[in-house]
Every structure is written in C-alpha cells, then in structure tokens.
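To start, the structure under review is shown below, and the notes come after it.
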Amino acid sequence: MSFIIANHLTRQYDLSDPWIVRMLTSNKRKQLTAVDDVSFSIDKGTTYALVGESGSGKSTIAKMVVGLLAPSAGAITFDGKMINDETISKADRQRLRRRIQMVFQSPYASLNPRWAVGDILKEPIRAFGLFDSRADQDKRVNELLDQVGLSARDANKYPHEFSGGQRQRISIARALSSQPDVIICDEPTSALDVSVQAQVLNLLKTLQKEFSLTYLFISHDLAVVSTMANKIGVLNEGKLVEEAVPSQLFAKPENPYTKMLIDAVPDFGKV
Amino acid sequence: MSDHLLEIKNLKITVATRRNVLNLVDNLTLAVKKGEILGLVGESGAGKSMTGSAIIGLIEKPVKISGGEIWFKGKRIDQHPDEVRGHEISMIFQDPMMSLNPLWRIGDQLIEVITTHMNISHQDAIKKAKHCLVEVGIDPSRMNAYPHTFSGGMRQRVVIALALAPNPSLVIADEPTTALDVSIQAQILDLLKQICKTRGTSIILITHDMAVISQTTDRVCVMYSGRLAEIGITKEIMAHPQHPYTKGLVASTPQIDASSFEKMLYQIPGSMPALDNIPSGCAFHPRCEHAHDKCRAERPEVLSNRAACWLLDANEGQ
Amino acid sequence: MLIIILRRLFQALLVLLLVALISFLIFRYVGNPVENLLGQEATVAQRAALEEALGLNDPIHEQYVQFVWRAIQFDFGNSYRGALPVADLIASRLPATLELALTSAIFAMVFGVLTGIYTAIHRGSFLTNLILSTSLIGVSLPTFLIGVLLIWFFSVELGWLPSFGRGEVVDLGWWNTGFLTASGLKSLILPSITLGLYQMTLIMRLTRAEMLEVMRQDYIKLARALGLSPRQVYFSHAIPNIMIPVITIAGLQLGSVVAFAIITETVFQWPGVGLLFINAVYFVDIPVMSAYLLLVGFVFVIINLIVDLTYLAIDPRLRDSQLKQEQ
Amino acid sequence: MSGNAMIRRFLKSDFFYDFTHAPIAVVSFVVIMVIVTCAIFAGFIAPTNPFDPSSLELMNGFTPPMQPNAFTGDVFLMGADDQGRDLFSAILYGLRISLFVGVMAVILAMVLGILLGLTAGYVGGWLDNLIMRFADIQMTFPSILIAMLIHGVARGILPPELRYEMSITVLIVAIGLSEWVPFARTVRGSTMVEKEKEYVAAAQLIGLNRWQIMVRHILPNVLSPVLVIATITFALAIIAEATLSFLGVGAPRTEPSLGTLIRIGQDFLFSGEWWILLFPALTLLALALAVNLFGDWLRDKLNPRLK
C-alpha cells in the first residue's frame, strides 16, 4: 500500500523581468521549471531515494513533500490525505505536520545556535502538544538523546559544543521528537566526513527498523543511496528519468543519463 | 633520491591561539616523485590543505611553519617560497566559481600569468595562452570571454590552464572537484591524469574522498590529526590497508553495491579529536579497537616505510 | 544594458517624486502659507480669496501635481521672510555650496581611498595604527568643533588662513566662483577640510574593510599561488574588485556632503544654501525648507545615476543582461 | 538557565577572556563607566547646581580655572563661564542631558530599526521594497539634516509655548528617527541570511507562525551586529546632540548640554577665555572616543573577518 504518492508534481519559478521592462523590450515571460511532472510513490516502512546532480530539482521536491513549498501543479497524498490542500483546517494541518518531519543537509545551519539542545528538542514536543508536564518533556528529551547515541547531559549544551556528526544526530532527534511516520532526509550526510557519514547512515537504518519509519532520501551520491534505498528515482533537470530497485538500476540502467551518472562515480573496483 | 621532485621532512605547522599552540601539521615527512600523482587524503582537520599551502608558501599569520624542511629539486624552499611559486609549483583550489577574477577576461588572466613567469613577447604569450586553453579542452576563441559566462566545470578547466601556463613541474590540487557534480568531477580528474601523463607534471591531489584517490592517484598519503597515518602505492593501500584508520576509511566509504542496503556500513566509532585535545600517544587510539597500552603512551613512528601504527610493530615481531 | 539604465532612470524618478511628496507635505501642512503671507490682521474674506488663489481648496492630489509642476519650472514659491522667490535665493547661493562640496568631496575621496588601501595592505604597521587611531579621534569630534579648532589654530593663532566667508569671488554671470582668486582658494581650505574629514574617515574605513574582504577571496589566493607579485595582486586583482562597493558608498557619502555643508557653512559663515536652510529652520520659513529638501534629493539622484553608470563600466557581469538567469 | 549559571558562563566565555586581554577595550569601558557614574551622581559630586539661576553670581563670570576670582575669591576647578556658572558642575549636569538624549535616541532608533529590518527581511516582497527604498532615500540625507528637518517641522507644529518644554523630546525624536536606517539595514541583511537557514525551515515544519519564528528564532541570531551599531550610534547620537545644540536648535541655554556649553565657549575662544570651550569639548571627546573605541573592539570581536 503506497504511503506517500506524488502525482504529476510540477514546480515553476517565474524569472521574468518586471512588466515595465518586458513592455520596453518585448521579452516574453520566462519560467524555470525546477520540477517537471514527477510522479512516484513510497511504501510504508521503506526508503525511497531521489538522486540527481545540482539543479535536478531534488530539494524542491523535498520541500514540496513536507509542505514548505506549494506545487505549481500536481499533488502529494500522504496516508490518503492531500498535503498542500488549502482547505484543510489548522488543526488537521498541524496533525499532518507532526507525522512528516525532516533532517537537513547542514549540521551547522539546521540548529538554532542560540538554543540549548534540550530546548531545540522540546520545541516540537510543545508545538504538537505531545507532553504537557515539564517532567515528561524532560524525560522525552533524554529518551530521544539516548536513541540517537547522545547522553542526557547533552540537553544543556549548545549546538556549537558538538561536532558535525553529533549535530546531525541532534537534528535526527528533533525530527523524531514529534513521533513522525515519515522523515525526509535531505542530503543528511553530504557535509560530513566519511567515517562519521557511516555512523549517521547506520543510525538512520537502525531507527527505521525500530520505529518502522518511511524515508524519502535525497542525495547526489549514488554510492550512499545504494546503501540506503529500497527504490531509487533518478532526476535530471527536473524530470524523473528512471525509477528502479537498486539491483536493477545498477546492473542494467536503462536511461543514458543514469548510465553516465553511474559510470562517473569513482569506485575502488575500477582502479 | 634523484627521482624525488619534492621532499618534506618533519614538517610542523602550528597556530598560536590565545590560550595555547595547536599543531595543524605535526612531524610530517613525505616525498613526491617526478611525474606521479600523489594523493593526500584525510578528513576535515587532518592538515592536508595546510600541507599544500605550506609547500607553495601561502601560510599566513597567525599560522606558521615552526619546524621541518621542504626541499624542491635539491633546493630548500620553505624559507624562500617566492622563487618557485607559480613558476615551478602551482596550485588550484576547491571552488572554481570563486577562483577567477570576475572583472578580467580569461585570456588576459592567462597572459598576465605567462608574461609574469616567462620572458616572451606579448604575441607569443597570446599564442601560448590559446595553446593552454586547447590543452584543457576549451575553445581558444573564448579568450575574450569573462569568467561569469563559464560553467563551474569549465571554470575549473580555466583555473587548471592558469596553473599549467608557466609549465610548472608540480601542481597542488586542493579538493579540485569537491564543489562539482559527479559527472563533471570525472572529467576534471581525467584531465588531471592526462596532464600528468603527457606533460610529466607531478600532481598532489588533496581530497577527502577515498574513491577519488583510488581512481586517480599513483601513491597515497593518509593523514589523521595533522599526522601521517599511512603512505604507499594506492593499489596496495586500497587492497591491504595497514593502519586501522585507513582500514576504517576504506571500509566506511559507501560503494555502489546493489546488495549493500541489507547490511550496515562499517563505521569508525567516535569522531576526529579537536585540535586542542589531541590524545596522547597515537592520535587515533581512542577510536581504534586494537589499541593497547603502548598506543596510548607512545606516538608511533612510520614502520615498514608504510604506516604509523604500533600494530605493525607487533606483526613484524611475530 | 539599456534596460538597466532605463530601470535606473525610472527608479530615480520615483525617488524624486517621493522626496517631492515629503517636501510638499511639509510645505502644505507644517507652515500656514496664508497666515504667513497675509499676517494675522487679515480679514476672513482676504484669507478665503488667497486660499482660492493659491489653490489650497483643490483636492490634495491636484495640489501635489501643481506643486511638482511648479517645482519642475523652478517655482518654489516665495520665502516667508523678505518675500523673495525661493528659486532666486537658492540660485544665488548654490555656487558657494557646490564649490565647497566638490572640493571637500575630492579631498575625502582621494585621501580616503588611498589611506584605506594603505592601511589594508600594511596591516598592523605603525603608520596604519597611527592613521586608524587618528581617524577614530576624527569621528569622535563633532564637525563643528573641528571647524572651530581649525579656525582657532590657523586663523587666530597663526593667522595664515581666513576664518570666514568665501574671499574674493569672480562673477561669471550665471555663476560666481572662488576658484579664480587667491583669497577665494585660501578661503576654501579650512571649510573643505572640515567638511571632508568625516567623509574621508568613512571612505577610508569602508575601503579598508572591502580590501580586507577581497583579500580573502579565492581569486586572490589563486593569483598569489600563481606566483604573481604582491603589486600585481593588489593593483590588478584586488583594487578593481573593491571599486564597486567603494564607489557606491563614496557616491552616497559625497551626495550627503552637500547637505552636510550646513554645519560647516554655519561655522565658517560660508554664504551657501546650508546657511540659508539653517536660517529657514530658525524662522520656520517653510518654502525654503521644502525647496532645500528637493534640491538635496535631486543631487542624490544625479549622483546615484552616475554611480550606476560607473558600475557598468567596471563590472562585465552587469553589462550582460543574461547574467541573472544564469545565477 | 539561572542567573548565576549565566554569569559563570559569561565569565568563562571567550568573549570575556578577550575583553580582559584587550587593554583598549578595558580602558574605554572604564572611561565610559566613570563618565556615566559621574553624570548619574552629578547631584552629589557637583559643587553647585548650574541649572539654578539663583545660585549664579555674575561677578564670577570668566574666572579662569584654579585661580581665585578677583572680586569674590571663589575658585573653580575648570573655571567659570560668562554667567559665573561653575564649569565643572555645568559639565556634569550637561553630561546628564547629553547621555539621556543619546541613550533614548539609540533606543528609539534601535527599536524602530529592528522592527522594520526584521519585517522587511523576513516578509520580503513589496513591503521590503517600500521600507528599504525609504531607508535608501533617508540615508542620503545626513542625520543632522533629518534631525533639523524634524526639529523644524516640530517647531512648525508645536505651539510656541511648548517649544521650549519639548526641546529635549524633540531632540530625542529627531536624532532617533534619523539613525534607524543602519539598524534596519543590518537586521534586514542578517535576517535574510538567517531565514534561509534550515533551523527556520525546521520551525516552519512544526507549524510556528511568522511572528513566532521572527521573534523566537531569528531575532536572537541577528542581535550581535545590532550591539555594535548601537554602540557606534550612541557616539553618533551624542555628537549629533552636541551639533544640534551648537546650531542652536537643541538644548536650551538655561539647561545646557555639552553641545550648548561648547556653543557658549566658542563665542569666547577668540577672546582668550579658552577654558569655556576646552573642558566641555574634552569631555565630549573623551566620551565619544571611548564609546567609539569600545564599539570598534566589539565589531572586531563579533565580526572577526574585518580584523
């Protein structure tokens, strides 16, 4: 049963000059299509990866799925409900938000530097009204820190006291704090060193099993994706050019772009 | 020793902060042979870029070279880097979008570098500049174009042309493909390999990516916390890493492998120590599963001309 | 490129209209033109007649259009004091202010940029520290005090330079200039320094900050790695790249020199428009105030346009209108 | 976090360490503190009350510093002015007015600037355009001109009998309104950087509204440059107050601020009574210089790139 369905998703940006300039130069309107008619579906408890180079539209899709950006056309359905539906009530929207969370690319920009880690983790708990008493909230924070491999003492520290990998763990803990069903991982390890990258990827896998999470995994790195995804979609200039399970994609890529991408990945085996 | 173009002996680079003195590079010894690509690999804070800057003499206060020697073609250059900089040794940087002066035509930038280092007429310099562009795969008719009209990959080619223009014998490439897409990365790496082959230019390739190293370099030097961890022929190191850190690096680098998603990746526990808190003995010992007392107490030397690890000592003893 | 210029012209026009609106509002609502023209003894009928004649009963937007239309024809009404046309008053005093502003602007620009570059290149040297700390004293003293001290030292104690006025002025018919006589030039020295010193400090600090910023750029690192001499690195790579921000701010600063002249003109009794404005404020002479505001706005717009055109000459990226799409 | 923990944290911070190891910062900070304390306790320190006309003895006019007056034998530390007012007391009381005007003007400019800058930067679009175009235009007019204009307008609007009473308020409003632009520009710039950061996206994801995000997340992260600007603007405001008073549109002669004292002193500089100008001018210089030096250090500290 498909948990998330993206249907003919399109996002355009208006790059036209102001009208007065267009009048003077008779230039036409210019549209940049960042995402062009992309459809995919993700099964519950699995990882779907979107791979592409810069400008492929992968981050735009991520933003649309979490509702940070409205699609120009098409729709996203999550567990039978439309995301980006203007008509739904505030309370319903908040309920949807709780179930879809996100882990970001930059371990530095994704945590508010002026907030203690405990407060960062408590904010979603409060915003979604999950635990009322302070004691319960504190308990929950400790539990979250423990789940991502940090200690309860870390709640009083500030983000700058942590390394990049540890911050990414905090970011994951924040995403978990609302007990979501889906986590969008937007290049969660591309800013990390290799040895730390492995830790974070493994942590994501462990958490997926433990909480039967569904992941939408965005990455530019085919090698990373191959270790994470049940299904891979390849994006090129806003279009989904190929979609397959890893074994098929790497063994017999059908699209020439996919093939080129796979060949370009440096690999120990090809020495 | 005649096949050594560049030799670094016991290099030490430090920075004095307000509270203490930090070692950015600590007692590093390595050599670059003529016509080879030497990889300098390590994670952030390993000191690899610092080493590159030290060779070309671009270390700036408050960072300084506080020990060791750098020899180039039999001359000691750490005191007078100006004599070789640009002319004999050149460097390219990570972000091609920022590496070119936006106000100058690329042809003029090339000609400036050529006439600075070579005693030739303006006409010849133009010819030479066009030749350089052809060599890196850029249409010479774009001599009069400004940098902003080039894509990232093309700009990196222009930067390479600039670095090659005075015919240096050593080019230091500091993460030259990190800011580029994979498909462009492959092209730039091929270009570097080709230059090394046709011109006989030695290249020091600084990167954090083991896969790039394995595909591009002849020899590799693995750095950890400013120190040399392991050095040797790339193929051997990839196949049989000796230092536990190298082993970890190789094993934790994800590979395209359709079956790997069932498994967990190999992971090195912990994280790189902060510069003001480098562990005693072997800097890697807190993250090393084989560490024993000697590792905690004494700093290992490079053993068997290969790796700085006491485990090798134990192996040799057996 | 044409588009950029057109767009700039359009924006300039908007700015002028906005300034005109503010000065119109001041003109219309702050002072009471009828009372000022007729005095308090006027009859109700006289008032009504004048209100009608001045168009004060028309809808407000029509009055604004009228105001702008008259301003375009240099008609700013009459000064409340002496009832002279404001335009004539300003025209007779404008040369003095413009000559003073120009001299001090050149002084500020040249010395500001030079010291800024010097202090950025020779970071931490003795002279740099001296210049930087002196400049801090400069910004910590009000302009008028600097003027007073200069007068006290060079005019009163040493007696070298005149302490007030423009000296001898040559009348060219439409312009009167102090540039052509020795006493005129001598009179210019102290006021120009007084007026330019603050701007010079600002331009110096800005130039220095920009220079330090540019020196951190990758293309400077590359230029050095390619073995170019420090001279080449500074003069052909760093300095051209600081010109855009420096010209921008310097342009704006220089524009404000005209208005800044108020203080200097007061201290040196310089017969310019600033002094006119000061007196207008004392006597709540609204037409002069609003005309002065328009004048300063106009100078600003002109300088801004010149600055924009200089950009185009310096930066190839701006000459390409395609650029925006690419980035 | 408790207050004690905050203080301990601060004492252990790099910021405090750097402060104690920067002699210029310490000295300028101490100078500012001494001047401010003197101004606050002027009533206890000053030998006379210079605002009280009945205490003035015209015979004491023009008494040089530390010399007994020829008629009354009174000795004044810094001399007396034309009215026979003790300059030392006048400076202390004048400082009060100058500091008060400076602080209030900075607060006004800061609140206005942060509010407009934050809104312009976060909301963007036409609102941003409107606010920033207006700021651009205002920037062209030097703050002194704006202040004079506001002053002039206020004189036009206020009935004559109120002009005198309101003169300090008019000063504060005039200086405050003329200095909001740098705050707004900086806050807008940092806001635009901050709002693109992912922690803001994370806050949007949990359904916080615009104002919650602006106030709770962005505001704390854009405040450090504001601190620098506030310091420098404070120096500017004191100088502006002095300038306006000098131009005769500021504090009245009966309750002189530093600027008014300097204006009085200027009249007598050329006739040899140098102290009437010198001491107020030196006080002003010391205060402004200390504030500027401290602000300079603060800027280097908070924006290490510009060192």
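Order-wise, the sequence lines are chains D, V, H and E. The numbers in the numbering used here rise by one with no breaks, and the one at position 85 of the first sequence is 85. If you count the second sequence from 1, you need to add 1000 to reach the numbering used here. If you count the third sequence from 1, you need to add 2000 to reach the numbering used here. If you count the fourth sequence from 1, you need to add 3000 to reach the numbering used here. Just so you know, even glycine gets a beta-carbon here, dropped at the ideal spot from N, CA and C.
Neighbourhood of residue i by C-beta, 8 Å cutoff - its chain only, sequence neighbours within 5 removed
i: E/Met3104; result: Ile3172 and Gly3176
i: H/Tyr2118; result: Leu2127, Thr2128 and Ile2131
i: D/Ala223; result: Val265 and Asp267
i: E/Lys3307; result: Annotation note: pLDDT 38 at E/Lys3307 (below 50); position unreliable, no value reported.
i: V/Pro1168; result: Gly1086, His1087, Glu1088, Ile1089, Ser1090 and Thr1201
i: D/Val200; result: Gly165, Gln168, Arg169, Ile172, Pro188, Thr189 and Leu192
Min CB distance residue i to chain D below 8 Å
i: E/Leu3205; result: yes
i: E/Tyr2995; result: Chain E is shown from 3001 up to 3307; residue 2995 of chain E falls before or after that span and cannot be answered.
i: E/Pro3220; result: yes
i: E/Leu3011; result: no
Residue i: first and last residue of the uninterrupted beta strand (DSSP E) it sits in
i: V/His1240; result: Counting along the chain, V/His1240 falls outside any beta strand (DSSP E), and DSSP gives it neither H nor E.
i: D/Cys185; result: Val182 to Asp186
i: D/Thr33; result: Gln31 to Asp43
i: D/His8; result: Ser2 to Asp14
i: V/Leu1006; result: His1004 to Ala1016
i: D/Thr47; result: Thr47 to Val51
i: V/Leu1170; result: Leu1170 to Asp1174
i: D/Asn236; result: Lys231 to Asn236
Euclidean distance between Cα positions of residue i and residue j
i: H/Tyr1951; j: H/Ala2291; result: Only positions 2001 to 2327 of chain H appear in this structure, which leaves residue 1951 of chain H out of reach.
i: V/Asp992; j: V/Asp1108; result: Given a span of 1001 to 1318 for chain V in the structure shown, any question on residue 992 of chain V remains unanswerable.
i: V/Cys1196; j: D/Asp193; result: 28 Å
i: H/Leu2197; j: H/Leu2206; result: 14 Å
i: H/Glu2099; j: H/Ala2108; result: 14 Å
i: V/Met1001; j: V/Arg1219; result: Note that V/Met1001 scores a pLDDT of 47, beneath 50, so its modelled location is shaky and nothing firm can be said.
i: D/Ser56; j: V/His1285; result: 42 Å
i: H/Glu2210; j: D/Ile125; result: 45 Å
i: H/Asn2304; j: E/Gly3189; result: 21 Å
i: D/Lys30; j: H/Ile2005; result: 21 Å
i: E/Glu3179; j: E/Ile3144; result: 10 Å
i: E/Met3001; j: D/Ser171; result: Low confidence applies here, because E/Met3001 scores a pLDDT of 48, under 50, leaving its location unreliable; read the following figure in that light. Each residue's alpha carbon lies about 22 Å from the other.
i: D/Lys270; j: D/Ala198; result: Confidence in D/Lys270 is poor, its pLDDT being 43 and thus under 50, which makes the residue's placement too unreliable to answer from.
i: H/Val2015; j: H/Gln2046; result: 37 Å
i: H/Pro2085; j: H/Gly2077; result: 6 Å
Test: residue i CB closer than 8 Å to a CB of chain H
i: E/Pro3142; result: yes
Sequence-distant residues of its chain with Cβ nearer than 6 Å to residue i (five each side left out)
i: E/Ala3042; result: Leu3092, Tyr3093 and Arg3096
i: E/Asp3128; result: Ala3120
i: V/Ala1307; result: Glu1230, Gln1242 and His1243
i: E/Leu3099; result: Ala3039
Host alpha helix (DSSP H) of residue i (start-end)
i: E/Trp3275; result: Trp3275 to Leu3302
i: V/Met1097; result: Taken as a continuous stretch (DSSP letters only), V/Met1097 belongs to no alpha helix (DSSP H), as it is neither H nor E.
i: H/Gly1964; result: Residue 1964 of chain H lies beyond the range of chain H shown here (2001 to 2327); nothing can be said about it.
i: H/Val2169; result: Careful: H/Val2169 lies outside any alpha helix (DSSP H) and carries neither H nor E.
Near the ligand FMN: residue i beta-carbon under 7 Å from a heavy atom
i: D/Asn112; result: Annotation note on the ligand FMN: not contained in the displayed structure, which lists no ligands.
Cut-off 7 Å between Cβ atoms - residues of its own chain near residue i, not counting five sequence neighbours on either side
i: E/Val3291; result: Ile3032, Thr3231, Phe3234 and Ala3235
i: H/Val2299; result: Gly2255 and Val2258
Chain V within 8 Å of residue i, Cβ atoms only
i: D/Val271; result: For D/Val271, the pLDDT reaches just 39, beneath the cut-off of 50, and the residue's location in the model is therefore unreliable, although a value from the coordinates is still provided. Yes, because at least one Cβ of chain V sits closer than 8 Å to the Cβ of D/Val271.
i: H/Leu2323; result: Only weak support is given to the placement of H/Leu2323: the predicted model assigns it a pLDDT of 39, under 50, and the value that follows is read from those uncertain coordinates. Taking Cβ atoms only, chain V reaches closer than 8 Å to H/Leu2323, which makes this a yes.
Cβ of residue i within 8 Å of any chain E Cβ
i: D/Asn255; result: no
i: D/Phe131; result: no
*Please go through the region 1190-1241 of chain V and give each complete beta strand (DSSP E) segment of 3 or more residues, from N-terminal end onward.*
Within the region 1190-1241 of chain V, the runs of beta strand (DSSP E) at least 3 residues long that lie entirely inside it are, in chain order, 1202-1207, 1219-1224 and 1227-1233.
*Inside the region 3158-3241 of chain E only - alpha helix (DSSP H) runs reaching at least 4 residues*: The qualifying runs are 3160-3165, 3167-3178, 3180-3195 and 3198-3205.
*asked:* As an exercise, report each continuous beta strand (DSSP E) stretch of at least 3 residues that is fully enclosed by the region 1030-1059 of chain V, in chain order.
replied: Every unbroken stretch of the beta strand (DSSP E) spanning 3 or more residues and falling wholly within the region 1030-1059 of chain V is given here in chain order: 1037-1041.
*Can you check the region 153-203 of chain D for any beta strand (DSSP E) of at least 3 residues that lies completely inside it and give the ranges in chain order?*
Scanning the region 153-203 of chain D from its first residue to its last, the whole beta strand (DSSP E) runs of 3-plus residues come out as 182-186.
*Within the region 2055-2135 of chain H, note down every full beta strand (DSSP E) run reaching 3 residues or more, in order along the chain.*
With a minimum length of 3 residues, no continuous beta strand (DSSP E) run stays inside the region 2055-2135 of chain H.
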